[in-house]
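In terms of our numbering, the sequence shown is numbered consecutively and its last residue is 393. Glycine is no exception: its CB is placed at the ideal position from the N, C-alpha and C atoms. Computed from a predicted model, the values in this text were never measured in an experiment. All remarks here apply to the structure that follows.
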Amino acid sequence: MTIRVTVWGENVHEHKHEVVGKLYPEGMHGQIAKTLNEDPEIEARTATLQEPEHGLTKEVLANTDVLTWWGHCAHGDVDDAIVDRVQTAVLQGMGLLVLHSGHFAKIFKRLMGTSCALKWREAGEKERLWCCNPGHAIAQGVPHSFELEHTEMYGEPFGIPTPDENVFISWFQGGEVFRSGCTWRRGAGKIFYFRPGHETYPIYYNETIQLILKNAVKWAKPEGTRWTDVRDAPHVPADKAPEPITVHGGSVH
Ligand code: ZN
């Protein structure tokens, strides 16, 4: 079955900064969607911050198997009601790929519950990514290590909860290291954070990065039907318990 992907883009740098607009004339979201659509198993569409409800209506999310999120300078402009909606969709089983500076997106911080802070430096230095688990679904076809000639540095400590799995770790020319590819589960949803993707370098044209994005979409797709009542917390009175029970003690309810 086709995996329905919504590629969400903040879509600000592309219009504000010439270097980004030239690199990504159709927007970073446009390039990411184009890449994913090369895969016959994936059907990707885009949504941006500027659209009504940021392009993430209830209907769009109900028809999204995996959402990818790239944001940087406008995290604060994302409506909290939409963050609630995306969080619910993830808990229900929608996959989420958080890309690069999306580490500070409201939705990522909400799902992680930690600072998600990190060190950074924009010096166009070399990054070497190491695969921590070549057997992982996201690492299939990816070399044990590969390099990006010019990247922004992200360094530890990275304020995330300990990942379920570390799939990639990065070394930078300046000496820092960083957990670059991490997975978590929240409710029925799978989350993958992937570091590379700074807007002033052609990262999303790199074939290994493109392969990892396609693999990650396939890994993050829902494993079954949506857990639609994931936020419900129904009271079960004693006389409705599956087995007969006698009520003991007091109650404030
Ligand atoms: Zn960046």
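With a threshold of 7 Å, the Cβ atom of HIS338 counts as near the ligand ZN, since some heavy atom of the ligand is closer than that. Taking the CA atoms as reference points, GLU287 sits about 13 Å from GLY337. When C-alpha distances from ALA202 are compared across PRO192, HIS215, VAL230, the shortest belongs to VAL230. ILE331 is bridged by DSSP to LEU236, TRP324. Taking the C-beta atoms as reference points, GLU292 is found nearer than 8 Å to GLU262. For ALA328, the closest C-alpha among the options LYS361, GLY315, PRO342 is that of LYS361. Between the segment 199-219 and the segment 297-315, the count of C-beta pairs closer than 8 Å stays below three; the two stretches do not touch.
When rounded, the separation of the alpha-carbon atoms in PRO303 and GLY195 is 29 Å. The alpha-carbon of VAL223 is positioned some 8 Å away from that of ARG250. Distances between the C-beta of HIS212 and the heavy atoms of the ligand ZN include at least one below 7 Å. Scanning PRO180, ALA187, THR142 for the CA closest to the CA of VAL152 turns up ALA187.
Just so you know, the alpha carbons of ASP217 and ILE247 end up roughly 12 Å apart. If you draw a straight line from the Cα of ARG225 to the Cα of GLU193, it is about 10 Å long. Distance between ILE300 and VAL317, taken at the CA atoms: about 15 Å. With a cut-off of 7 Å, the C-beta of HIS153 is classified as distant from the ligand ZN, since no heavy atom of the ligand falls inside that distance.
THR146 sits in a strand when the DSSP states are folded into three classes.
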